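Novice:
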Amino acid sequence: MALHLSLSLSLIFRICALLLLINVSFSKTLKRDVKALNEIKRLVGWRVVYSWVGDDPCGDKHLPPWSGVTCSKVDNYRVVVKLEVYSMSIVGNLPTAVTRLLDLTVLDLHNNKLTGPIPPEIGRLKRLKTLNLRWNKLQHALPPEIGGLKSLTYLYLSFNNFKGEIPKELSNLHELQDLHFQENHFTGRIPAELGSLQKLRHLDVGSNNLVGSISDLLSIEGCFPALRNLFLNNNYFTGGIPNKLANLTNLEMLYLSYNKMTGAIPSALANIPGLTYLHLDHNLFSGSIPEAFYKHPNLKDMYIEGNAFKTDVKAIGAHKVLKLSNIDILV
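Next comes the structure, spelled out in structure tokens:
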């Protein structure tokens with residue numbers, strides 16, 4: 007009797023598992039997402055269209071999901087959670103239809119030829135964790151609505167043609183860890199409010215038209231507690247290096263090259279335990295480099311060329327400047 011009951015339960019379990027599998031396999035894709043992806047399909051050109059076969063981006067019984075589209079089951083429907091279509095020479099404006107994919111966690115369209123602005127409707131994507139639009143030709147100012155992406159962890163907008171000021175609304179992105187804005191045309195000051203981001207590890211605003219000073223950036227008490235990499239190079243920053251920069255005890259890389267900064271290098275900076283790369287070149291710094299920098303256990307690279315330091319000041323590490331696509335690379 008017990009054996010018969012055991013076999014019956016096993017059969018019931020298998021039937022339930024099979025029904026669940028059938029239910030997942032034949033779940034419909036949410037009409038909202040199907041409509042949005044088909045609208046994008048009409049806009050992005052042949053390079054994507056040839057691999058986007060069928061009407062359902064999540065695939066059906068006979069066709070696989072569209073290339074670069076990842077779906078997930080929610081209740082009785084499938085929704086698009088990732089759109090990763092990069093290095094496909096997609097031209098034209100960033101399709102507004104993308105902002106109707108409300109379950110997106112990853113939007114990666116990097117290394118295409120997208121132009122125009124980021125639409126303010128981007129703020130709809132409340133579940134977005136990664137936004138990667140680098141290496142395009144996007145323009146105009148960033149919409150403040152980008153500060154509504156409360157789940158955003160990684161923001162890559164480098165190598166575009168963005169202009170205007172960096173929105174202070176980015177300080178609402180409390181999950182943000184990496185922010186890449188290098189090689190654009192941003193102006194004005196970096197909002198000091200960004201210092202309130204407790205998880206921010208990487209801040210790169212190099213090669214823009216930004217002004218202000220490090221003191222301005224560090225005006226919030228206890229700012230940037232997790233910051234490891236700070237790239238301010240190739241801008242128009244002025245003033246000196248304040249002692250309070252040493253409060254960023256997790257800092258490993260500090261790039262200040264090609265600005266208009268002045269004054270002496272504070273010895274307090276050598277107290278940052280993990281400091282590994284310090285680029286001070288091509289500014290207006292003067293005086294001597296404190297001996298503590300030369301005894302620092304982790305400092306591998308200190309670049310000092312193009313300043314008004316005393317003649318006995320020496321760099322740390324071996325340096326050679328190469329030119330590649332108008333970008334200075336130190337090796």
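Going by our numbering, the sequence shown opens with residue 7, and the numbers climb by one from there.
Glycine is no exception: its CB is placed at the ideal position from the N, C-alpha and C atoms.
Given the structure is predicted, the values throughout are model-derived calculations rather than measurements.
(1) Hey, Ile128 and Pro150: beta-carbon distance below 8 Å or not?
(2) Please report the distance separating the alpha-carbon of Leu69 from that of Glu90.
(3) With a threshold of 8 Å on Cβ separation, who are the neighbours of Thr193 within its own chain once the five nearest residues in sequence on each side are excluded?
(4) Measuring from the CB of Ser202, is there a heavy atom of the ligand MN at a distance below 7 Å?
(5) Under the assumption that Leu113 contacts Leu137 (Cβ atoms under 8 Å), give the Cβ distance between them as a whole number of angstroms.
(6) How would you label Ile167, buried or exposed, when you count the other beta carbons within 10 angstroms and need 16 or more for buried?
(7) Across which residues does DSSP place Met308 in a beta bridge pair?
(8) Since Thr121 sits in a beta bridge, which residues does DSSP pair it with?
(9) Short check: CB of Glu238 to CB of Met259, under 8 Å?
(10) DSSP puts Val86 in a beta bridge; with which residues?
(11) Please classify Asp81: is it buried, with 16 or more other beta-carbons within 10 angstroms of its beta-carbon, or exposed?
(12) The alpha helix (DSSP H) that contains Val50, what's its start and end?
(13) Exposed or buried, Glu189, counting other C-beta atoms within 10 Å across all chains shown (16 or more means buried)?
(14) How would you call Ser263, buried or exposed, if buried means at least 16 neighbouring beta carbons within 10 angstroms?
(15) Apart from the five residues on each side of it in sequence, which residues of its chain come closer than 7 Å, Cβ to Cβ, to Ser33?
(16) For the segment 131–188, list the beta strand (DSSP E) runs that are entirely contained and at least 3 residues long, ordered along the chain.
(17) Nearest-angstrom Cα distance between Cys77 and Leu206?
(18) Straight-line CA distance for Ala42 to Ala252?
(19) Would you give the residue range spanned by the beta strand (DSSP E) that Tyr261 belongs to?
(20) Can you tell me the Cβ-Cβ gap for Lys119 and Asn142, rounded? I've got them flagged as a contact below 8 Å.
(21) Hey, out of Phe291, Gln183, Ala274 and His302, whose CA is closest to Tyr283's CA?
(22) Within the same chain, show all residues whose beta-carbon is closer than 7 Å to that of Arg133, passing over the 5 residues directly before and after it, in chain order.
(23) The beta strand (DSSP E) with Asp210 in it runs from where to where?
(24) Using CA coordinates, which residue listed in Gly74, Thr268 and His146 is at the minimum distance from His116?
(25) Quick check on Ile226: buried or exposed, where buried means 16 or more other Cβ atoms within 10 Å of its Cβ?
(26) DSSP three-state label for Thr105, please.
(27) So, for Glu45: in the same chain, excluding its five sequence neighbours on each side, which residues have a beta-carbon less than 6 Å away from its beta-carbon?
Specialist: Short version:
(1) Counting from one through the sequence shown, the residue named residue 128 turns up at place 122. Counting from one through the sequence shown, the residue named residue 150 turns up at place 144. Taking 8 Å as the Cβ cut-off, Ile128 and Pro150 do not qualify as a contacting pair.
(2) Here the question's residue 69 lines up with position 63 in the sequence shown. Here the question's residue 90 lines up with position 84 in the sequence shown. One C-alpha to the other measures close to 19 Å.
(3) As a working note, residue 193 is residue 187 in the sequence shown. Hits under 8 Å: Lys169, Gly170, Glu171, Asn214, Asn215, Leu216 and Val217.
(4) This structure lacks the ligand MN, and indeed carries no ligand of any kind.
(5) Along the sequence shown, one-based indexing puts residue 113 at 107. Along the sequence shown, one-based indexing puts residue 137 at 131. Sure, about 5 Å apart at Cβ, within 8 Å.
(6) Position 161 of the sequence shown, counted from the start, is the residue given in the question as residue 167. Reading off the sequence, residue 167 comes out as Asn, not Ile. With fewer than 16 Cβ atoms within 10 Å of its Cβ, Asn167 is classed as exposed.
(7) Counting from 1 along the sequence shown, the entry for residue 308 is found at position 302. Met308 pairs with Leu284 and Ile322.
(8) Within the sequence shown, residue 121 is the residue found at index 115, counting from 1. Looking at the DSSP assignment, Thr121 forms a beta bridge with Asn99.
(9) Within the sequence shown, numbered from 1, the residue matching residue 238 stands at position 232. Within the sequence shown, numbered from 1, the residue matching residue 259 stands at position 253. The identity of residue 238 in the sequence shown is Leu, whereas the question assumes Glu. No, the pair does not count as a contact, with Cβ atoms beyond the cut-off.
(10) Along the sequence shown, one-based indexing puts residue 86 at 80. Answer is Cys77.
(11) What you label residue 81 is simply residue 75 of the sequence shown in a count that begins at 1. So Asp81 ends up on the exposed side.
(12) By 1-based counting over the sequence shown, the position of residue 50 is 44. Looking at the DSSP string, the run of the alpha helix (DSSP H) that includes Val50 is Lys37 to Val50.
(13) Residue numbering aside, residue 189 sits at position 183 when the sequence shown is read from its first letter. With 16 or more Cβ atoms within 10 Å of its Cβ, Glu189 is classed as buried.
(14) To locate residue 263, count along the sequence shown from 1; it is residue 257. Buried.
(15) The residue given as residue 33 occupies position 27 in the sequence shown. Excluding positions up to five away in sequence, the list reads Lys79, Asn82, Tyr83 and Arg84.
(16) 136–138, 160–162, 167–171 and 184–186
(17) Here residue 77 corresponds to residue number 71 of the sequence shown, with the count starting at 1. Here residue 206 corresponds to residue number 200 of the sequence shown, with the count starting at 1. Approximately 29 Å between the Cα atoms of the pair.
(18) Position 36 of the sequence shown holds residue 42. Position 246 of the sequence shown holds residue 252. One C-alpha to the other measures close to 49 Å.
(19) Working through the sequence shown from its first residue, we reach residue 261 at position 255. That run of the beta strand (DSSP E) goes Met259 to Tyr261.
(20) Here residue 119 is taken as the residue at index 113 of the sequence shown, counted from 1. Here residue 142 is taken as the residue at index 136 of the sequence shown, counted from 1. 7 Å between Cβ atoms; contact.
(21) On the sequence shown, position 277 is the one that residue 283 refers to. Of Phe291, Gln183, Ala274 and His302, the residue nearest in Cα terms is His302.
(22) Translated into the one-based positions of the sequence shown, residue 133 becomes position 127. These residues qualify, in order along the chain: Asp109, Leu110, Thr111 and Ser157.
(23) Here residue 210 refers to the residue found at position 204 when the sequence shown is read from its first residue. Its beta strand (DSSP E) spans residues His208 to Asp210.
(24) By 1-based counting over the sequence shown, the position of residue 116 is 110. That would be Gly74, whose Cα lies nearest to the Cα of His116.
(25) Residue numbering aside, residue 226 sits at position 220 when the sequence shown is read from its first letter. So Ile226 counts as exposed.
(26) Residue 105 sits at position 99 when you count from the first residue of the sequence shown. Residue state, collapsed to three classes: helix.
(27) Position 39 of the sequence shown holds residue 45. Excluding residues within five positions, the ones whose Cβ falls inside 6 Å are Ala103.
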